[in-house]
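K.L.:
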Ligand code: ZN
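Structure (structure tokens):
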């Protein structure tokens, strides 16, 4: 059993951007040399999130729409009143979605569904430089 850590970087452009990182995660798995086990994809940051989605144009529209309905931007946030950074909605959305995802792998392949992609969501109110950690446990 071994533990390996890989990091890749993203340059995001705007609030609500959804980036398919499945290939980046598969690349991290391939580079690790591990064949069977489990990995964690994790963003160190309080205004980004990682989940899965079927990466197709309809859902890339529907998912941000759902976030707007559930956690609107245009309401008062104590965070914004305190820090004047305008991203109270970003923090609340990130906490609901979570900063990480576990994925099992077998024979050096991610065990994802056919239509299931791993995505990073930029939830901050501006583009950011992001480092994404992939930590793998396996053999
Ligand atoms: Zn803030």
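In the numbering used here, the protein residues as written are 387 to 525. Glycine residues also receive a C-beta, built at the ideal position from the N, C-alpha and C atoms. In this text the structure is predicted, and so the values were computed from the model without any measurement.
Give every residue of the same chain whose Cβ lies closer than 6 angstroms to the Cβ of residue 523, excluding the five residues on either side of it in the sequence, and list them in chain order.
P.N.:
Correct list, in chain order: 389, 423 and 424.
K.L.:
Within 7 angstroms of any Cβ in chain D, is that where the Cβ of residue 493 sits?
P.N.:
Of the protein chains in this structure there is only one, and it is not chain D.
K.L.:
Taking DSSP as the reference, what is the three-state secondary structure of residue 495?
P.N.:
Residue state, collapsed to three classes: strand.
K.L.:
Given that a residue counts as buried once 16 or more other Cβ atoms are within 10 Å of its Cβ, and exposed if not, what is residue 462?
P.N.:
Flag for residue 462 reads exposed.
K.L.:
Is it true that the stretch 394 to 401 meets the stretch 493 to 504, where meeting means three or more beta-carbon pairs spaced less than 8 angstroms apart?
P.N.:
Too few Cβ pairs lie closer than 8 angstroms, so no.
K.L.:
Considering only heavy atoms of the ligand ZN and the C-beta of each residue, which residues fall inside 6 angstroms, strictly closer?
P.N.:
The answer, residue by residue, is 465, 469, 471, 473 and 477.
K.L.:
Can you tell which of 441, 421, 496 and 402 has the C-alpha that lies nearest to the C-alpha of residue 411?
P.N.:
Among 441, 421, 496 and 402, the Cα nearest to that of residue 411 is on 496.
K.L.:
Where does residue 480 land, buried or exposed, given buried means 16+ other C-beta within 10 angstroms?
P.N.:
That one is buried.
K.L.:
Around the C-beta of residue 482, are 16 or more other C-beta atoms found within 10 angstroms, so that it is buried, or is it exposed?
P.N.:
Per the 10 Å Cβ criterion, exposed.
K.L.:
Can you give me the Cβ contacts of residue 387 inside the same chain, cut-off strictly under 6 angstroms, excluding the 5 residues immediately before and after it?
P.N.:
Only 525 meet the Cβ criterion.
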